[in-house]
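Engineer: Pasting a structure below so you can have a look.
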Amino acid sequence: MRLHTFRGGVHPPNQKHLSADRPIESLPLPPRLYIPLQQHAGTPALPVVTVGQKVAKGELLAREHGVTSAPLHAPSSGVVTAIGDFTAPHASGLPLPTIILDTDGEERWVEGEPPPDPFSRTPEEVAHQVGAAGIVGMGGANFPASVKLNKARQAGIHT
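Here it is as structure tokens:
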């Protein structure tokens, strides 16, 4: 017995003619950014910043919480103005823990050392570096890439 059969699928018109001959445009930096702490599979990240704190672009905003969680970094420089539950940019409309960042327009990057050459690192060090950077897959679950790298090593696949 087959359950949930569905023939044909849904094929809405793609409307590519609306943008096919248009150049890609950069959007201006918005004055306020809502940064959900759950942008990945797993539990929401935990904030490490406080309301009123000035942050630089690339600065750690929230650390991972659990195996399939990922850290989040500031997409721009500015001031953290709120941390709380806000309606998610998702069809569910459910609230998610969110950091609100009022941008300062400076796009000032966090100061620090340049990342080390990945070719001079062990696979474990690279996986750790990928995890600390908050790199996630581009699939629907945004699974942390470091978890995939570590699982590959455990399975005998040398990446």
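One point on numbering: in the numbering used here, the residue at position 159 of the sequence shown is 1368, and numbering is uninterrupted. A virtual CB, placed ideally from N, CA and C, is assigned to each residue, including glycine. Since we're looking at a predicted model, the values are computed, not measured.
Classify Gly1287 as helix, strand or coil using the three-state DSSP reduction.
Structural biologist: Here Gly1287 sits in strand by DSSP.
Engineer: Here's the rule I'm using: 16 or more other beta-carbon atoms within 10 Å means buried, otherwise exposed. How should Asn1359 be labelled?
Structural biologist: It is buried - the Cβ of Asn1359 has at least 16 other Cβ atoms within 10 Å.
Engineer: Please identify the residue among Gly1275, Gln1363 and Leu1310 whose C-alpha is closest to the C-alpha of Gly1267.
Structural biologist: Of Gly1275, Gln1363 and Leu1310, the residue nearest in Cα terms is Leu1310.
Engineer: For Val1345, which of helix, strand or coil comes out of DSSP?
Structural biologist: Correct three-state label for Val1345: strand.
Engineer: Report yes if the C-beta distance between Ala1250 and Phe1352 is below 8 Å; otherwise report no.
Structural biologist: Contact flag set, yes.
Engineer: Would DSSP call Leu1310 helix, strand or coil?
Structural biologist: Leu1310 falls in the strand class under three-state DSSP.
Engineer: Report the rounded CA-to-CA distance for Gln1262 versus Gly1321, giving the unit in angstroms.
Structural biologist: For Gln1262 and Gly1321, the distance between alpha carbons rounds to 19 Å.
Engineer: DSSP on His1282, reduced to helix/strand/coil?
Structural biologist: In this structure, His1282 counts as strand in the three-state DSSP scheme.
Engineer: Does the distance from the CB of Leu1242 to the CB of Ala1254 come in under 8 Å?
Structural biologist: No. Outside cutoff.
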